[in-house]
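*Asks:* Residue numbers (the UniProt record's numbering): 1 to 958.
Glycine included, C-beta positions come from ideal geometry on N, C-alpha and C.
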């Protein structure tokens, strides 16, 4: 089939997912083709009950899935895609053939199937697939189309149904027992549990201190050059045959795991030993040399690209995928969602050609390198992520800039390096010994590495999650010594160490952990991490992922009452089952029945995994049974965590707080809010005592002389404030609800010293200052941007909050007599200078803005996050914030509505009034008929909308 034979085939409609992809492909196909985007999925399970067709009721309407009839999904065209569907149908009418050119994976196959189902084409339909957007690849795909793969569609549909049932059944339990608007998901809940468990380990961790000696030894010879030293450092490894303890010898409780043959040196012992060894004659006891060889890293797949972009470029998983998507759609790289490390013959040839061109024939192995996939059940038929085309463009040849350039360069370097020779060299271990004046035998060890041929390391060196880890290209040269050679100890330095708690996950290490445990699909990890951050289960502190106190309550509930659903092995086994369904080795409906309804005997992997927290080995109920009986779940217990000394952390509806009941019956206990951004492992008994000691509670100030209600001062989550206490029985909800008057304290006021008079003046705001000569009222008000005066629509800023209470009418009129300042005020001096941004190459500074401090390079502004401080922010962190802001792109402003046209004559007004009156009369009659039906629909819609807000992100495959 020729892509240019328009006369033979007429017009052809090609549908892809994105407009950018459509634009690129259109350039390769020419005038015989119409290329249009579906803009993602055009159809999905309903988001609200209002979207469900009227013939569906009950559970089907709530879930969007008919669980009683083989889990039949209810698909509806997305409201925001209806106009696009209309456009596609119109284009299809003008076409003689339809090419569905969505991505070749489960999601892409499902999009193509939905397009076919909705458009109902009467012309020939072809499934067009490709792994890179180049002219040759696109034209080859047109010439060799295939049929839709219904097995891939069924696999995607099963995942979608599973994730809908999980999210829509478990999320409401969280709303009832923890907090509204929370969500649960098959992989997001397990990912959250991993982060929480790591924080629990940090909380339980007890640090241990240990000491050793570092010796600097010399051969006595003069060094010929810096590359061949005659001195070297070695660390103490044993004393009198006993191995000196290192960090790995201590448990999380701070104790030695085994003290039998391990020497634990403290500071005094280390210094005493150093003094005793000061005049010792040392010698080389052994030299062990062996060959060193390091093979190239495999080309990138989705997860390794995310990990390496995090280490080397500071990109989050979401940002990496956004940039990679852009590179793919513009024809620079192959498809970026892949489990494969395989390169096509074309790619291998291109990579080997560049090795020879850039590094020389000495760096090219005799035969091409191949890499086997390490991902279990890798189901996508793609290559590894590589530069597109049969000749790789060097980064300089692409014309790319910024993040696009940096990520392309990373992919290009990794691909080329994968076809280069091994790095080779020698690794050496030297043992040094001596006997102290008091007869103690001490042995030191030093290791070295010399790379004699760098091979692939010339092109690419992989990063490490541990910032202190030694990279593969690092050399450590030792002097040429032989066994028995005498050595002089130039220095013996005691060094103290402390064991550290396990490091928190970063995005890169969490992606690696999920993949190692075979949980979820690698293509979804970026969206999973994005979800748990957006849901406030996790926040970032630098690059570390820190669980919130809220996530502790959520995970606590899931572990105790839905243990099987967040069990790591069970979740991984579910992934195996879903892959078996995709491979045609298992049936979808029986599997979903076991998962949702359960079975009397544990059969099938869906219910066959260990039931953590259940203890029932014979009967494993399905999801429906688990969410039916919630009586055993104690909401207060789920959200309570002992700190020590009778202090308990509680996760409340308005945030976390610490509480300590009083020992005296009838007296109130202590309570204090906990900052949202506090890492859980930092909440100690001592810190809780500090929080209790802060002014909190409420301090009664007196009685309002007008209302007679007491006025109190309080410390709130958003700062100190004053408020009135309404009498008991005052309605707080409904039509007659009464809200207490409340006002924040000025910055110049203090909770301990605020008076009744201060409170009355604060509650009097906004204050009427007076009126101008024309009778226009002037008021003093406190707004989001500070204190100001208002006269009609004319506002003028005040210089201090105190002016709100003291400014006179004459002073206000004098302000209004001045010309109103237009444009921006003079720029304030920066708070901090951080050097030049590596992307824009412009100076980066920290400035103070109306929404708080932010970093800027003059082109891009990025607000500091809650865990960033002006005093401690590093240049690297500032560059990361700016890069994230660039990746998000500019904020789209809502289009302003055009003002309604004014009627030209009074006659038109009269006519419009009469018409409106007639319509109003008719509308009353119609409203009476529709009210009952509308009320029912509104109730259903509101309920569904509330559920959607919490469960809309439960799809793990999107």
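1) Thinking C-alpha only, which one of 726, 686, 716 is nearest residue 703?
2) From 556, 458, 17, pick the residue whose C-alpha is nearest to that of residue 115; which is it?
3) Please report the distance separating the alpha-carbon of residue 266 from that of residue 215.
4) Below 6 angstroms CB to CB, which residues in the same chain sit around residue 295 once its five sequence neighbours on both sides are set aside?
5) How about the segment 429 to 442 and the segment 273 to 285: do they share at least three Cβ pairs that are nearer than 8 angstroms?
6) Can you check which of these residues, 37, 167, 110, 455, is closest to residue 64 by C-alpha distance?
7) Starting from the Cα of residue 101, find the closest Cα among 140, 404, 44 and give me that residue.
8) Within the same chain, show all residues whose beta-carbon is closer than 7 angstroms to that of residue 307, passing over the 5 residues directly before and after it, in chain order.
9) What do you get for residue 261, buried or exposed, if any count of 16 or more other CB atoms within 10 angstroms of its CB means buried?
10) Residue 545 bridges to which residues according to DSSP?
11) DSSP three-state label for residue 389, please.
12) Between residue 219 and residue 479, which are expected to be in contact by the criterion C-beta below 8 angstroms, what is the C-beta distance as a whole number of angstroms?
13) Cα separation between residue 185 and residue 535?
14) Could you tell me if residue 380 is buried or exposed, where buried requires 16 or more neighbouring beta carbons within 10 angstroms of its beta carbon?
15) Can you find the residues in the same chain that come closer than 7 angstroms, C-beta to C-beta, to residue 329, ignoring five residues on each side of it along the sequence?
16) What is the DSSP secondary structure of residue 781, counted as helix, strand or coil?
17) For a test of the three-state rule: what should DSSP assign to residue 554, helix, strand or coil?
18) Quick check on residue 796: does DSSP put it in helix, strand or coil?
19) Hey, residue 54 and residue 78: beta-carbon distance below 9 angstroms or not?
20) If residue 301 sits next to residue 522, beta carbons under 8 angstroms apart, how far is it from one beta carbon to the other, in whole angstroms?
21) Is DSSP giving residue 907 helix, strand or coil here?
22) For a quick check, are the C-beta atoms of residue 741 and residue 724 less than 9 angstroms apart?
23) Decide if the segment 453 to 464 is in contact with the segment 321 to 339; the criterion is three or more beta carbon pairs, one per stretch, under 8 angstroms apart.
24) Please name the residue in 683, 143, 125, 149 whose C-alpha comes closest to that of residue 582.
25) Out of curiosity, what's the CA-to-CA distance linking residue 61 and residue 70?
26) Exposed or buried, what is residue 83 when buried is set at 16 or more other beta-carbons lying within 10 Å of its beta-carbon?
27) Residue range of the alpha helix (DSSP H) that residue 641 falls in?
28) Between residue 202 and the rest of its own chain, which residues show a CB-CB distance below 7 angstroms, the 5 nearest in sequence each way excluded?
29) From residue 474 to residue 885, what distance separates their C-alpha atoms?
30) Which residue marks the beginning of the beta strand (DSSP E) containing residue 706, and which one marks its end?
31) Assuming residue 554 contacts residue 178 under a Cβ cut-off of 8 angstroms, what Cβ separation, rounded to an integer in Å, is found between them?
32) With contact counted as at least three CB pairs below 8 angstroms, one residue from each stretch, are the segment 33 to 49 and the segment 113 to 130 in contact?
33) What separation, rounded to the nearest whole angstrom, lies between the Cα atoms of residue 405 and residue 411?
34) Does the distance from the CB of residue 660 to the CB of residue 572 come in under 9 angstroms?
35) Please go through the same chain and pick out, in chain order, the residues whose beta-carbon is closer than 8 angstroms to the beta-carbon of residue 580, but skip the five residues on each side of it.
36) Based on Cα-Cα distance, which residue from 439, 290, 520, 770 lies nearest to residue 451?
*Replies:* According to the structure shown:
1) It is 726.
2) Comparing Cα positions, the closest option is 17.
3) Whole-angstrom Cα-Cα distance: 17 angstroms.
4) Excluding residues within five positions, the ones whose Cβ falls inside 6 angstroms are 422.
5) When C-beta atoms of the segment 429 to 442 are compared with those of the segment 273 to 285, three or more pairs fall below 8 angstroms, so the two segments count as touching.
6) Residue nearest to residue 64 within the set 37, 167, 110, 455 is 167 (criterion: CA-CA distance).
7) It is 140.
8) Excluding residues within five positions, the ones whose Cβ falls inside 7 angstroms are 508, 511, 512.
9) Residue environment analysis places residue 261 among the exposed positions, since fewer than 16 neighbouring C-beta atoms fall within 10 angstroms of its C-beta.
10) Its beta-bridge partners are 540.
11) Of the three classes helix, strand and coil, the one that applies to residue 389 here is coil, per DSSP.
12) Right, the Cβ-Cβ distance comes to about 5 angstroms (below 8 angstroms), so this counts as a contact.
13) Roughly 12 angstroms separates the two Cα atoms.
14) Because the pLDDT of residue 380 is 47, which lies under 50, any placement of that residue in the model is unreliable, and the question is left without a value.
15) Once the five neighbours on either side are set aside, the close Cβ partners of residue 329 are 18, 20, 21, 24, 133.
16) Look at residue 781 here: in three-state DSSP terms it is strand.
17) Correct three-state label for residue 554: helix.
18) For residue 796, the three-state secondary structure derived from DSSP is strand.
19) The criterion of a C-beta distance shorter than 9 angstroms is not satisfied by residue 54 and residue 78.
20) The C-beta distance from residue 301 to residue 522 rounds to 7 angstroms, short enough to fall under 8 angstroms.
21) Low local confidence applies: a pLDDT of 41 at residue 907 is under 50, so the model's placement there is unreliable, and no value is given.
22) Yes, the pair counts as a contact, with Cβ atoms nearer than the cut-off.
23) Because the criterion of three Cβ pairs below 8 angstroms is not met, the segment 453 to 464 and the segment 321 to 339 do not touch.
24) If we check each option's Cα against that of residue 582, 149 comes out closest.
25) Approximately 16 angstroms between the Cα atoms of the pair.
26) By the 10 Å Cβ count, residue 83 comes out exposed.
27) Counting along the chain, residue 641 falls outside any alpha helix (DSSP H), though it belongs to the beta strand (DSSP E) covering 640 to 644.
28) Its chain contains 501, 502, 681 as the residues whose beta carbon lies nearer than 7 angstroms to that of residue 202, once the 5 sequence neighbours on both sides are disregarded; these appear in chain order.
29) So the alpha carbons of these two residues sit roughly 34 angstroms apart.
30) Boundaries for residue 706: no beta strand (DSSP E) harbours it, and the DSSP string shows neither H nor E there.
31) The C-beta separation of residue 554 from residue 178 comes to about 6 angstroms, placing the pair in contact by the 8 angstroms criterion.
32) Contact annotation: the segment 33 to 49 touches the segment 113 to 130, with at least three C-beta pairs closer than 8 angstroms.
33) Rounded to whole angstroms, the gap between the alpha carbons of residue 405 and residue 411 is 10 angstroms.
34) Contact flag unset, no.
35) Once the five neighbours on either side are set aside, the close Cβ partners of residue 580 are 586.
36) Closest option to residue 451, Cα to Cα, is 290.
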